[in-house]
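First residue of the sequence shown: 1, per the numbering used here; consecutive thereafter. Beta carbons are placed, not taken as given, at the ideal position from N, Cα and C, and that holds for glycine. It should be emphasised that the depicted structure is a prediction, and the values quoted were computed from it without experimental measurement. Here the structure comes first, spelled out in structure tokens, and everything after it is commentary.
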Amino acid sequence: MSECEGENRAGVVEGGGVWQVGAMMEGLFYAGCGLDRVSKRRREAQWITDRLHDHGSRVVPVWKERNLIRAGAEPVPVALAGVAASEVITRSDDVVILGVDGDGAAWIAADLSSWDEASVTAIERGAKLADLRRVSAVMLSSDAALLAYARGIVHWHRRHRFCGICGSPTRSSEGGHLRMCDNPECQAQHFPRTDPAVIMLVTRQGPGGDACLLGRQDRWPRGMVSTLAGFVEPGETLEEAVAREVLEEVGIRVTGVRYRGSQPWPFPSSLMLGFRAEAEEGAEIVADADELEYARWFTPTDIDRFPEMGLKLPRVDSIARRLVEEWLREMVV
Ligand SMILES: [Zn+2]
1 MSECEGENRA GVVEGGGVWQ VGAMMEGLFY AGCGLDRVSK RRREAQWITD RLHDHGSRVV
61 PVWKERNLIR AGAEPVPVAL AGVAASEVIT RSDDVVILGV DGDGAAWIAA DLSSWDEASV
121 TAIERGAKLA DLRRVSAVML SSDAALLAYA RGIVHWHRRH RFCGICGSPT RSSEGGHLRM
181 CDNPECQAQH FPRTDPAVIM LVTRQGPGGD ACLLGRQDRW PRGMVSTLAG FVEPGETLEE
241 AVAREVLEEV GIRVTGVRYR GSQPWPFPSS LMLGFRAEAE EGAEIVADAD ELEYARWFTP
301 TDIDRFPEMG LKLPRVDSIA RRLVEEWLRE MVV
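The structure is reproduced here in structure tokens:
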């Protein structure tokens, strides 16, 4: 993510640094695993074979939608090396070379989804299978990003075992960054995909002071309200997707659509693209009942009163939360 683009207006001091209005969002959860993805080397068959047999390589097991961690106050990924790593690689459903760390060691995700759960947790004493979103807030951010990457790409492999063109089986290639159709008549190449989704905080000025629009879906945790979001459709720009989703969900036209930052969201396979947008003057909310239980304007004072209103902001790991917090900070500048 690029640093400090935009107007770079110095704002409040936070955590020892100067927070800047207009700078792109940084430090989002699930971003910044720190590996070099070595996209050229993973095309070399011998290099891949060597990494899979190198006792210095580290193997991160993934089981269905869960990651293997060593539990504790600050959980860490189980990262196997040596003989333990070789055994897991041999018995895995698929492996993906994620990249290489600063010491030159390869990090490899191993899909163990066909194993029974007890066999996976028995790999290492004290290991536990965890839903990443439940533990990421207390993990080192680069560890959470690594596990998110492993989970996301393993998920893609599990869902692309057959060619979408001819229906024949596919096989993993290029260290797990490509699947090739086995049918000699077809030979289609399938690359890992992420689904772009826009997520936006809509704001307005007056009449009762600045406010932001938050809505609620009935399947969300009790009391949680959040920004609007939706998938980008073929043939539209990100800005068009923002405007369309807001109009569809709450009947409001927006202007000043502004990109704020992106976040990998492999739950299971999205990339969240965060935006701000301004509501057209005098716009009234007409919430789409199929999408939302309700949506309304909240002032910063309203948000301060969330605990007594029985409401809460989205989870700390989400870009939705960051969009709201960014706006709240601007309100006090
Ligand atoms: Zn095919």
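Ligand 1 heavy atom lying under 7 Å from the CB of residue i
i	result
Cys181	yes
Ala150	no
Ser172	no
Ser318	no
Ser269	no
Cys212	no
Ile69	no
Ser168	yes
Cys33	no
Ile199	no
Ala188	yes
Separation of residue j from residue i, as counted between CA atoms
i	j	result
Trp115	Leu292	39 Å
Ala45	Val324	46 Å
Ala211	Ala145	33 Å
Cys4	Glu26	Note on Cys4: pLDDT 32, under 50, position unreliable in the model; the coordinate value appears next. Taking the straight line joining both Cα atoms gives about 9 Å.
Arg260	Ile108	32 Å
Ala229	Leu214	11 Å
Ser168	Asn183	6 Å
Thr203	Phe275	11 Å
Gln187	Ile165	10 Å
Gln20	Trp265	Interpretation of Gln20 is limited by its pLDDT of 48, a score under 50 that renders its predicted location unreliable; no figure is taken from the coordinates.
Val38	Ser136	26 Å
Trp47	Pro307	55 Å
Ala248	Asp288	Per the sequence shown, residue 248 should be read as Glu rather than Ala. About 7 Å.
Leu62	Val154	Here the sequence assigns Val to residue 62, which means Leu is not the residue at that position. Each residue's alpha carbon lies about 7 Å from the other.
Asn8	Ser262	Since pLDDT at Asn8 reaches only 31, below the 50 mark, its modelled position is unreliable, and no value is offered.
Met24	Val138	24 Å
Val95	Glu330	45 Å
Val13	Leu328	With a pLDDT of 30 at Val13, under the threshold of 50, the predicted position of this residue should be treated as unreliable, and no value is reported.
Local Cβ density within 10 Å of residue i, reported as buried at 16 or more and exposed below that
i	result
Val83	exposed
Phe191	exposed
Glu245	buried
Gly102	exposed
Ala174	Looking at the sequence provided, one finds Glu at residue 174 rather than Ala. With 16 or more Cβ atoms within 10 Å of its Cβ, Glu174 is classed as buried.
Ser226	buried
Cys163	buried
Pro77	buried
Met309	exposed
Thr170	buried
Arg322	buried
Leu140	exposed
Glu326	buried
Val88	buried
Residue i CB to nearest heavy atom of ligand 3 below 7 Å
i	result
Ala295	In the structure on display, ligand 3 does not appear, and the ligands it does have are ligand 1.
Taking one C-beta from the stretch 165-182 and one from the stretch 252-264 each time, how about it: are there three or more such pairs within less than 8 Å?
no
Within 8 Å, do at least three Cβ pairs link the stretch 276-284 to the stretch 315-322?
no
Stretch-stretch touch, CB-based, cutoff 8 Å, three pairs: the stretch 138-152 with the stretch 57-73:
yes
Note down, one range per segment and in chain order, each beta strand (DSSP E) of at least 3 residues found wholly within the stretch 115-171.
127-130
Pairs of beta-carbons, one from the stretch 196-203 and one from the stretch 217-232, closer than 8 Å: are there three or more?
Yes: the two stretches touch, three or more of their Cβ pairs being nearer than 8 Å.
What beta strand (DSSP E) runs, 3 residues minimum, are completely inside the stretch 223-289?
228-231, 254-265, 270-279
Counting pairs of Cβ atoms below 8 Å between the stretch 40-57 and the stretch 122-135, do you hit three or more?
no
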